[in-house]
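**Q** Taking our numbering, the leading residue of the sequence shown gets -2, the next gets one more, and so forth. Where is the CB? At the ideal position from N, CA and C, for every residue including glycine.
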Amino acid sequence: MTCAETRRQLPEPDPASLGQVEQHLLTCPPCRVEQQALREVDRRIEQLGQHRLQLASQVLQVSRTPSPLPLLPRSKTSPLLRLTGLALVGAGLLFLVLLAFFRVR
Ligand SMILES: [Zn+2]
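1. Using the beta-carbon of each residue, find all residues closer than 6 Å to any heavy atom of ligand 1 and list them in chain order.
2. Taking the continuous alpha helix (DSSP H) assigned at Thr3, which residues delimit it?
3. Gln32 and Leu22 look like a contact to me (Cβ under 8 Å); what is the Cβ gap, rounded to whole Å?
4. Nearest CA to the CA of Pro27: which residue from Thr3, Arg79, Arg61?
5. Anyone know if the C-beta pair for Leu35 and Leu7 falls short of 8 Å?
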């Protein structure tokens, strides 16, 4: 097996060519160094993934704690219903403003 063929199989060779790759690595220090470097890259990517997962779980934990503001409780009404209520309140306010405007005139 050549260096190029071996390196295409690194860092974790296919089971079918594992024996040939191991044989080559025994006799070729540069390919062994390449394998170690690639395993180090794998290890660091895994660490990064774990770090990201930890951050994500912290964010989830914070978002699951109840709101400390009593005026803004977690509502079980649907977003559409809330939006409709908000629109009605807005229309009512607009009506009052217009009413006041035309009364002044
Ligand atoms: Zn080699």
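**A** From the atom records:
1. That gives Cys0, Thr3, His21, Cys25, Pro27, Cys28.
2. In the DSSP assignment, Thr3 falls within the alpha helix (DSSP H) that extends over 0 to 5.
3. Right, the Cβ-Cβ distance comes to about 6 Å (below 8 Å), so this counts as a contact.
4. Ranking the options by Cα distance to Pro27, first place goes to Thr3.
5. The criterion of a C-beta distance shorter than 8 Å is satisfied by Leu35 and Leu7.
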